[in-house]
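Worksheet for the structure shown next.
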Amino acid sequence: MSLLLGSGYASAEVKANDLEQVRDGIQQSLESHLYQLPPRVQGHYGIRLYRMTGDTQYANSALVDLYAVVDSQAYYACQLDKPGFIEQEAKAAIAVLGKGPRAKARKKALKPFPEFLFYTDVLLRFSSRIDEFGLTGPCHEKLTKALKNTDLKPGLTDKAMIEAWAAQLINYVYWAKQLGVGDYIEEYKTAFNEVYPDSRDKKLNKKQFRNKIYGMTHFIFAASEYYQHQVDKQTFAWILDYFDANIDRILADATDDIIAEVGISFHLAGLSNHPVVKKTQAHIINAYDPKVATIPSPRGNPDLALGEHRNVLAMMLLNWPETLHQGPYFHKLKATKKYLPKQVSIKP
Numbered sequence: 019m020s021l022l023l024g025s026g027y028a029s030a031e032v033k034a035n036d037l038e039q040v041r042d043g044i045q046q047s048l049e050s051h052l053y054q055l056p057p058r059v060q061g062h063y064g065i066r067l068y069r070m071t072g073d074t075q076y077a078n079s080a081l082v083d084l085y086a087v088v089d090s091q092a093y094y095a096c097q098l099d100k101p102g103f104i105e106q107e108a109k110a111a112i113a114v115l116g117k118g119p120r121a122k123a124r125k126k127a128l129k130p131f132p133e134f135l136f137y138t139d140v141l142l143r144f145s146s147r148i149d150e151f152g153l154t155g156p157c158h159e160k161l162t163k164a165l166k167n168t169d170l171k172p173g174l175t176d177k178a179m180i181e182a183w184a185a186q187l188i189n190y191v192y193w194a195k196q197l198g199v200g201d202y203i204e205e206y207k208t209a210f211n212e213v214y215p216d217s218r219d220k221k222l223n224k225k226q227f228r229n230k231i232y233g234m235t236h237f238i239f240a241a242s243e244y245y246q247h248q249v250d251k252q253t254f255a256w257i258l259d260y261f262d263a264n265i266d267r268i269l270a271d272a273t274d275d276i277i278a279e280v281g282i283s284f285h286l287a288g289l290s291n292h293p294v295v296k297k298t299q300a301h302i303i304n305a306y307d308p309k310v311a312t313i314p315s316p317r318g319n320p321d322l323a324l325g326e327h328r329n330v331l332a333m334m335l336l337n338w339p340e341t342l343h344q345g346p347y348f349h350k351l352k353a354t355k356k357y358l359p360k361q362v363s364i365k366p
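Here it is in structure tokens:
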């Protein structure tokens, strides 16, 4: 299989000291400003660093995220039987998408599925995160019943929806399976490949090519339960082989976030020595701005709240561990077990 043979292109040179300098610079920059970041951004960072290191110093940062999602689930799940509530909150979920070109495309795609975003980006998002921590949140049974009674397939497999946000849809697919409320994995994979066959690549503009690659990385990320364990390289050979064959275009046309994710996909498949990893690492090192000790946005914005996702991905790509760590399971950690929100319970 070609992914085992490695890329036919020359391997990029990555110096260990450059790799460490960039990784350490980003880490110092993020951690020295961590308390200034919004709660869910703090949580995003803490969860990923815990899963990379198993170091309990990141547990309380991750705990911030638990408090945020439990509060949200309490609001949404416990009012599901209130007349007009779902319609009201579904409209609100769409309204906050914004007004840019991407938001307009997403709003247009959502018109046939007015409540889809409420069930997925609200109910599934919050409940799946709580579940990742080995817990269940408030009104859990009411929430899962509502999700089981909703057929997400039409929205998940719609061409316009996939072209608008492929990566988010695969997240929803895996979250639904994780919670036991629906298995849409094969149906989504089929629909995704019908929308983005390799024969269409030459016709894809830069935005659509990025959407395709971003979606493909999230098949692997979601299957790993977001960096909690490795994935089977054979199962995802169709993605890894594609990245290998198209790495030049990926490096030219994708954003730094997506390029880092491509490299991490190989890490998750146990292929850390693959040439694609070295090429993505070299690109990310080159994107680093030592003046601000981060990788700025494509427009040069160094804002940490907006750029945490991109920069923590860079850290992960440049310093992949031998062992990944599940959780954090706050109820088992000395640092956090006394501080669980009152509205959660430990999963049986």
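Here our numbering is used: the first residue of the sequence shown is 19, the next is one more, and so on.
A virtual CB, placed ideally from N, CA and C, is assigned to each residue, including glycine.
Task: Selected residue, minimal CA-CA separation from ALA240, among ALA272, LYS220 and LYS207 - done: It is LYS207 whose Cα lies nearest to the Cα of ALA240.
Task: Per-residue burial, SER25 [other beta carbons within 10 Å of its own, 16 or more giving buried] - done: Annotation note: pLDDT 42 at SER25 (below 50); position unreliable, coordinate value reported separately. Label assigned to SER25: buried.
- [ ] Report buried or exposed for ILE303, applying the criterion of at least 16 other Cβ atoms within 10 angstroms of its Cβ.
- [x] Buried.
Open item on the list: Taking a contact to mean a Cβ-Cβ separation below 8 Å, would you say ILE313 touches ASP307 in this structure?
Closed with: For ILE313 and ASP307, yes; Cβs fall inside 8 Å.
Open item on the list: Cutting at 8 Å between CB atoms, please list the residues of its own chain near GLN248, excluding the five before and the five after it.
Closed with: Within the same chain, GLN248 has close Cβ partners SER242, LEU286, ALA287, GLY288 and LEU342.
Task: Inter-stretch contact at 8 Å, needing at least 3 Cβ pairs: the region 144-156 / the region 81-98 - done: Between the region 144-156 and the region 81-98 there are three or more C-beta pairs closer than 8 Å, enough to call the two in contact.
TODO: Note down the Cα distance separating LEU161 from THR138, rounded to an integer number of angstroms.
DONE: Each residue's alpha carbon lies about 11 Å from the other.
- [ ] Any chance you could list the alpha helix (DSSP H) runs of at least 4 consecutive residues sitting entirely within the region 130-191, in chain order?
- [x] If we require 4 residues or more, the alpha helix (DSSP H) runs fully inside the region 130-191 come out as 143-150, 158-166 and 171-174.
Open item on the list: Does the contact criterion of 3 or more C-beta pairs under 8 Å hold for the region 124-137 versus the region 151-170?
Closed with: Flag = yes, the region 124-137 and the region 151-170 touch.
- [ ] Would you identify the three-state DSSP class for ASP307, choosing helix, strand or coil?
- [x] Strand, per DSSP.
- [ ] Would you mind giving the Cβ-Cβ distance between LYS224 and ASP271, rounded to the nearest angstrom? I have them listed as a contact below 8 Å.
- [x] At roughly 5 Å, the Cβ-Cβ gap stays under 8 Å, so LYS224 and ASP271 are in contact.
Open item on the list: Are the CB atoms of ALA77 and LEU351 within a distance shorter than 8 Å?
Closed with: The Cβ-Cβ distance between LEU351 and ALA77 falls below 8 Å.
Task: Nearest-angstrom Cα separation, counted from LYS230 out to PRO57 - done: One alpha carbon belongs to PRO57, the other to LYS230, and they sit about 30 Å apart.
TODO: Take every Cβ of the region 41-58, pair it with every Cβ of the region 102-112, and state whether three or more of those distances are shorter than 8 Å.
DONE: The region 41-58 is not in contact with the region 102-112.
Open item on the list: So, for TRP193: in the same chain, excluding its five sequence neighbours on each side, which residues have a beta-carbon less than 6 Å away from its beta-carbon?
Closed with: For TRP193, where only same-chain residues beyond five positions count, the Cβ hits under 6 Å are LEU142 and SER146.
TODO: Determine, using beta carbons only, whether LEU67 and TYR357 come nearer to each other than 8 Å.
DONE: Their beta carbons are not under 8 Å apart, which means LEU67 does not touch TYR357 by this criterion.
Task: Three-state secondary structure (DSSP) of THR312 - done: Here DSSP, grouped into helix, strand and coil, assigns THR312 to strand.
Task: Distance, TYR244 Cα to MET179 Cα - done: In a straight line, the C-alpha of MET179 is about 23 Å away from that of TYR244.
Open item on the list: Quick test of your reading: ALA353 and THR74, contact by CB under 8 Å. State the CB separation rounded to the nearest angstrom.
Closed with: That belief holds up - the Cβ atoms of ALA353 and THR74 are roughly 5 Å apart, short of 8 Å.
Task: Straight-line Cα distance separating GLY173 from GLN106 - done: In a straight line, the C-alpha of GLN106 is about 19 Å away from that of GLY173.
- [ ] Excluding the 5 residues preceding and the 5 following ALA184 in the sequence, name in chain order all residues of the same chain whose CB lies nearer than 7 Å to its CB.
- [x] Here the set comprises PHE210, ASN229, LYS230, TYR232 and GLY233.
Open item on the list: Quick check: VAL295 and GLY318, are their CB atoms within less than 8 Å of each other?
Closed with: Taking the C-beta atoms as reference points, GLY318 is found no nearer than 8 Å to VAL295.
TODO: Give a yes or no on whether the minimum CB-CB distance between TYR94 and chain B is below 8 Å.
DONE: As a matter of chain content, chain B is missing from the structure shown, which is built from one protein chain.
Task: Inter-residue Cα distance where the pair is ALA323 and GLY102 - done: Between ALA323 and GLY102, the C-alpha separation is close to 34 Å.
Task: Cutoff 8 Å; reference GLN46; Cβ partners in own chain excluding five residues on either side - done: In chain order, ALA311 place their CB closer than 8 Å to the CB of GLN46, counting only its own chain and leaving out the 5 sequence neighbours on each side.
Task: Exposed unless 16 or more other CB atoms sit within 10 angstroms - verdict on LYS297 - done: Label assigned to LYS297: buried.
Task: DSSP three-state assignment for SER363, whether helix, strand or coil - done: Per DSSP, reduced to three states, the secondary structure at SER363 is strand.
Task: PHE227 vs LEU258 beta-carbon contact at 8 Å - done: Contact flag unset, no.
Task: CA-to-CA distance, GLY64 to LEU22, given in whole angstroms - done: Unreliable placement is indicated for LEU22, whose pLDDT of 46 sits below 50; no coordinate value is reported for it.
Open item on the list: Taking its Cβ as the centre, do 16 or more other Cβ atoms sit within 10 Å of LYS33, making it buried, or is it exposed?
Closed with: Counting Cβ neighbours within 10 Å, LYS33 comes out exposed, since fewer than 16 surround it.
Open item on the list: With the cut-off set at 8 Å, would you say HIS62 and ASP83 are in Cβ contact?
Closed with: Closer than 8 Å, so yes.
Open item on the list: With H, G and I counted as helix, E and B as strand and the rest as coil, what does DSSP make of GLU49?
Closed with: Here DSSP, grouped into helix, strand and coil, assigns GLU49 to helix.
Task: As assigned by DSSP and simplified to three states, the class of PRO339 - done: Reduced to three states, the DSSP call for PRO339 is coil.
Open item on the list: Buried or exposed for MET19, going by 16 or more other Cβ atoms inside 10 Å?
Closed with: The predicted position of MET19 is uncertain, since its pLDDT is 43 and thus under 50; no value can be drawn from it.
TODO: Find out if the Cβ-Cβ distance for the pair THR154, LYS365 is shorter than 8 Å.
DONE: Taking a C-beta distance under 8 Å as the contact criterion, THR154 and LYS365 qualify as a contact pair.
Task: Candidates HIS236, PHE151, SER217 and TYR202, of which the one nearest ASN189 by Cα - done: The option with the nearest alpha carbon to ASN189 is HIS236.
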